Amino acid sequence: MILFDKQLNVFHLSNDQISYLIQIEEGGNVAHLYFGKKIAHYSGGYRYPRLDRSFSPNPPDSSDRLFSLDTLMLEFPGNGFGDFREAAYAIRQSDGSRVSHFVFSDYQIQQGKPALAGLPQTHGADDGIETLILSLKDDVAGLELQLFYTIFEDAAVIVRSSKVINHGNQPVTIEQLASQALDFPNRPFDLIHLPGAWAKERQVTREPINRGIKRLDCKRGSSSHQQNPFAVLLEPNATEFTGECFGFSLLYSGNHETIIEKDPYHQTRVIMGINSHQFAWQLPPTESFQAPEAVIAYSETGLNQLSATYHDFYDEHLIRGKYKKQERPILINNWEATYFDFNEEKLDALVDEAKELGIELFVLDDGWFGQREDDQTSLGDWFENEGKLASGLAGFAQKVHDKGLQFGLWLEPEMVSGDSELNRQHPDWLLQVPNRKPALSRSQYVLDFSRQDVRDHLYQQLTQLFDTVAIDYIKWDMNRSLSDVYSLLLDPAQQGEVAHRYLLGLYEFLEKLTTAYPTILFEGCSGGGGRFDAGFLYYMPQIWTSDNTDAIARLKIQYGTSLVYPPSTMGAHVSAIPNHQTQRTTDLAIRGNAAMSGLLGYELDLTQLTAEEKAQIKEQITFYKKHRRLLQLGRFARLLSPYEGNDAAWLYVSPDKKEAIVFYFRVLAEASAPLVTLKLAGLDPDLTYQSGGESFGGDELMQLGLYIDPHLAGDYATQRFHFVAKAPHE
Ligand code: DGJ
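See the structure below:
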């Protein structure tokens, strides 16, 4: 999969689907040639043209006026030697200079993929994977830059990361080190990215890329509701089913930046990595710094194919453990059912109803610990709120098990309330700047997870809990952004490291905890989807998509999320009406169909349901259980966008293409409405499918489509279709 042509000085990484070409240019400058659809063989004709661009300097060892780093397409651009575009790194040396010039020194091609210590990472069996490690050196600075490129035989992706090693005898400060940089030749592009807000995460935003610099960033310490670490460059006329698309996804749960620059000659550069804002990492002699991974993906046939590539890749090569590609339980969560106002009697009633409906897992949310009766207190005190549950936490968990359900618990371990035993004992354990009062958010502070003592204490508390209560599931929440990012244990000169050290500490903690408790299903959460990123998915196979449980709002949120994250990762619950976030009233049918589009759960007071509603929920659960594998792990494709019109639709197709489930959602009713034709995708054109007593050819369903029922009544209407291929003799 990886070849080095010594004549041309070109590395060619390829599999059946993609090619990635790197050329060692004159002076050892590492140039980018190509990323895209597979080419069988590169013959060498695409060398960057020599041209005198005024005000574009020549590198010091080149007297060729026609050669400049200012215009060349580069693999990992830096500032200082005449590239005035955005850089992928900035390293301050002991003499105060930020000028560094890395030139090619060596390379290795390895079977498999080297492990990244302490960071989330994609993985797989060695025999289907190859890695190219380019070693670049700046001898004056005494620095080595390693660029990693991994290609998997089964995916249209390249996994990239970078590393700096200090071989000098003075410390240096890394002020920026991107995970990847990619240059494109002159061609028009649109950008799609996923900005948002609390309860409105991952809203699909598309815009043309024009001259100048566009920066997508997050400085909140988590990957955030406000900007997901994901972007797509695509041909301006590309659609869900047509056109070239290039995806960029970062395996990192903290501050991130994606910088897109279109230069004076209309070449486009995309840089992605840890946010350089206030980042400064001291690198002493002999030490190295590793940037997180970025997964860049290619699709020749539109966004759905790009998403399918990410879905398959993340299901197969990112998610780990017991639940990798395994069906997830249907849960009931008591948060929107009771909030903090619960006792054992209320919970018992919920559990009994849940059992009756066929729900498999009961999750006890916030409020079971310390003195917690509201959100003002007790974070950090991870022992039970004595007396709140008559049988005690362990007794209650046992009771839930005895009734035949699994038991899950909510935690928010990275946080501490001002009013908590933990804070009274260890007021120095917060992120805080000396002599300043740290900012409060939701009445809580952030624990300094960069500290070993903080982590050790929490680990001891959590393991004691896990060892005494029969826990099958943990919801790991995080309800504020990081402010006052300062660690009392670190030197003043190291304070620019704290945000990243927090993440490294958290990742280390999660690795240890999830390894020690391999049967627990962990679900990530940050006020809903405030930390829904590929980094977190390495530790937790599913994430609570949004605190917004309104089915209509969920259409846009889940549509956006699905661009990169698989359905198997998206928690989605049916909740009460009027909805608690939007006050909207919708039918149970649309709430069910929206929630079945991810990992189905319920989050409402089941004891308040009418007999008819219970019957409807039973039907939803029975249907979901029967088709869970298809809905959680099938080939997902978007058919109608809620961003473009009044409706949304998507479908799931089984790997053998013999079965498909389609959901259609209409937002508002309209008089004299145009008919809606839904064309399906991904079926076998030669098979005949049956649904609702009718037969359809696969080609018909994809070419003609089917009419959505024109009699669908009212706002917030929905239809669900189930297609099964007929056996040949039928
Ligand atoms: C925010 C979460 O997203 C909610 O689901 C709930 O767990 C609350 N926190 C509890 O405080």
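Each residue of the sequence shown is one higher than the one before, starting from 1 at the first, in the UniProt record's numbering. Built from N, CA and C at the ideal position, the CB exists for glycine as well. Since the model is a prediction, treat every value here as computed from it, not as a measurement.
8 Å contact criterion, which W281 and T173 should meet: CB distance rounded: Residue mapping note: residue 281 aligns to position 281 of the sequence shown, counting from 1. Residue mapping note: residue 173 aligns to position 173 of the sequence shown, counting from 1. That belief holds up - the Cβ atoms of W281 and T173 are roughly 7 Å apart, short of 8 Å.
DSSP state of K475 mapped onto helix, strand, coil: Counting from 1 along the sequence shown, the entry for residue 475 is found at position 475. Looking at K475 - three-state DSSP - the assignment turns out to be strand.
Cβ separation of F67 and N79, assumed to be a contact under 8 Å, to the nearest whole Å: Here residue 67 refers to the residue found at position 67 when the sequence shown is read from its first residue. Here residue 79 refers to the residue found at position 79 when the sequence shown is read from its first residue. Not really, about 18 Å apart at Cβ, beyond 8 Å.
N210 Cβ short of 7 Å to the ligand DGJ heavy atom set: Sequence index remark: in the sequence shown, residue 210 carries index 210 (1-based). Look at N210: its beta carbon is at least 7 Å from all of the heavy atoms in the ligand DGJ.
In chain order, each beta strand (DSSP E) run of at least 3 residues that lies wholly inside the stretch 641 to 689: Given a length threshold of 3 residues, each whole run of the beta strand (DSSP E) inside the stretch 641 to 689 is given here in chain order: 647 to 653 and 659 to 666.
Where V103 sits in the DSSP three-state scheme: Indexing the sequence shown from 1 puts residue 103 at position 103. Taken through DSSP and simplified to helix, strand or coil, V103 comes out as strand.
Closer than 7 Å: C525 CB and nearest the ligand DGJ heavy atom: As a working mapping, residue 525 is identified with position 525 in the sequence shown. Look at C525: its beta carbon is less than 7 Å from one of the heavy atoms in the ligand DGJ.
Neighbour flag for M478 against chain D, beta carbons, 8 Å: Among the chains in the structure shown there is no chain D, since it carries only a single protein chain.
Span separating the alpha-carbon of L488 from that of V433: Here residue 488 refers to the residue found at position 488 of the sequence shown. Here residue 433 refers to the residue found at position 433 of the sequence shown. L488 and V433 have their C-alpha atoms some 7 Å from each other.
7 Å Cβ shell around C218 - same chain, five flanking residues per side excluded: Counting from 1 along the sequence shown, the entry for residue 218 is found at position 218. Excluding sequence positions up to five before and after C218, its CB lies within less than 7 Å of the CB of S224, Q226, Q227, N255, H256 and N275, all in the same chain and listed in chain order.
Entirely enclosed beta strand (DSSP E) segments - the stretch 228 to 299, minimum 3 residues: Taken in chain order, the complete beta strand (DSSP E) segments of 3 or more residues contained in the stretch 228 to 299 are 245 to 250, 256 to 262, 268 to 274, 281 to 283, 288 to 290 and 294 to 299.
DSSP state of G118 mapped onto helix, strand, coil: Stepping through the sequence shown from its first residue, residue 118 is reached at position 118. The three-state reading of DSSP puts G118 in coil, since its state is none of H, G, I, E or B.
Sequence ranges, alpha helix (DSSP H) only - wholly within the stretch 155 to 210, length at least 4: Runs found: none.
C-beta atoms of F76 and S162 nearer than 8 Å: Here residue 76 refers to the residue found at position 76 when the sequence shown is read from its first residue. Here residue 162 refers to the residue found at position 162 when the sequence shown is read from its first residue. S162 is positioned such that its CB atom lies closer than 8 Å to that of F76.
Three-state secondary structure assigned by DSSP to H12: As a working mapping, residue 12 is identified with position 12 in the sequence shown. Strand.
Test item: CB-CB of D547 and W198 under 8 Å: Here residue 547 refers to the residue found at position 547 when the sequence shown is read from its first residue. Here residue 198 refers to the residue found at position 198 when the sequence shown is read from its first residue. Yes, the Cβ-Cβ distance between D547 and W198 is below 8 Å.
DSSP-derived helix/strand/coil call for H500: The residue given as residue 500 occupies position 500 in the sequence shown. It is helical.
Cβ neighbours of H12 in the same chain (closer than 6 Å, five flanking residues each side left out): Position 12 of the sequence shown, counting from 1, holds the residue named residue 12. L3, L21 and Y42, listed in sequence order.
Environment of K475 [buried if 16+ CB atoms lie within 10 Å]: Taking the first residue of the sequence shown as position 1, residue 475 is located at position 475. Around the beta carbon of K475, 16 or more other beta carbons sit within 10 angstroms, so the residue counts as buried.
Euclidean distance between Cα positions of W368 and L389: Translated into the one-based positions of the sequence shown, residue 368 becomes position 368. Translated into the one-based positions of the sequence shown, residue 389 becomes position 389. Approximately 8 Å between the Cα atoms of the pair.
Range of the contiguous alpha helix (DSSP H) that encloses H317: Along the sequence shown, one-based indexing puts residue 317 at 317. Run containing H317: G302 to H317, per the alpha helix (DSSP H) assignment.
Backbone secondary structure at L136 - three-state DSSP: Taking the first residue of the sequence shown as 1, we reach residue 136 at position 136. L136: strand per DSSP, three-state reduction.
Stretch-stretch touch, CB-based, cutoff 8 Å, three pairs: the stretch 286 to 301 with the stretch 590 to 597: No, because fewer than three Cβ pairs between the stretch 286 to 301 and the stretch 590 to 597 fall closer than 8 Å, the two stretches do not touch.
Sub-8 Å separation of F623 and V662 beta-carbons: Against the sequence shown, residue 623 aligns to sequence position 623. Against the sequence shown, residue 662 aligns to sequence position 662. Their beta carbons are not under 8 Å apart, which means F623 does not touch V662 by this criterion.
Simplified DSSP state of E360, which is helix, strand or coil: Reading the sequence shown from its first residue, position 360 is the one you call residue 360. Of the three classes helix, strand and coil, the one that applies to E360 here is coil, per DSSP.
Boundaries of the beta strand (DSSP E) in which W544 is found, first to last residue: Numbered from its first residue, the sequence shown carries residue 544 at position 544. Segment Q542 to W544, the beta strand (DSSP E) holding W544.
Proximity test, W198 beta-carbon vs the ligand DGJ heavy atom, cut-off 7 Å: What you label residue 198 is simply residue 198 of the sequence shown in a count that begins at 1. W198: no, Cβ never under 7 Å from the ligand DGJ.
Distance CB(F189)-CB(L234) smaller than 8 Å: In the sequence shown, counting from the first residue as 1, residue 189 sits at position 189. In the sequence shown, counting from the first residue as 1, residue 234 sits at position 234. In this structure, F189 places its C-beta atom within 8 Å of the C-beta atom of L234.
Selected residue, minimal CA-CA separation from A470, among T519, S450 and D448: Residue numbering aside, residue 470 sits at position 470 when the sequence shown is read from its first letter. Nearest of T519, S450 and D448 to A470, Cα basis: T519.
Bridge partners - I150, DSSP secondary structure assignment: For this step, residue 150 is matched to residue 150 along the sequence shown. Residue 150 is actually Thr in this sequence, not Ile. Per DSSP, the beta-bridge partners of T150 are T131 and V159.
Collapsed DSSP secondary structure at A125 in the structure displayed: On the sequence shown, residue 125 is found 125 positions in, with the first residue counted as 1. A125: coil per DSSP, three-state reduction.
Stretch pair the stretch 629 to 645 + the stretch 321 to 329: three plus CB contacts closer than 8 Å: Verdict: yes, contact present.
The stretch 92 to 106 in contact with the stretch 139 to 155 per 3-pair CB rule at 8 Å: The stretch 92 to 106, when compared against the stretch 139 to 155, does touch it at the 8 Å Cβ threshold.
Top-ranked residue by Cα proximity to L639, from D381, P195, V454 and N304: To locate residue 639, count along the sequence shown from 1; it is residue 639. Checked all of D381, P195, V454 and N304; the closest Cα to L639 is N304.
Any non-hydrogen atom of the ligand DGJ within 7 Å of G528 CB: Position 528 of the sequence shown holds residue 528. Indeed, a heavy atom of the ligand DGJ lies less than 7 Å from the Cβ.
Cβ distance (whole Å) where K38 is taken to contact S14 below 8 Å: Start at 1 with the first residue of the sequence shown, and residue 38 comes out as number 38. Start at 1 with the first residue of the sequence shown, and residue 14 comes out as number 14. That pair is a contact at about 6 Å.
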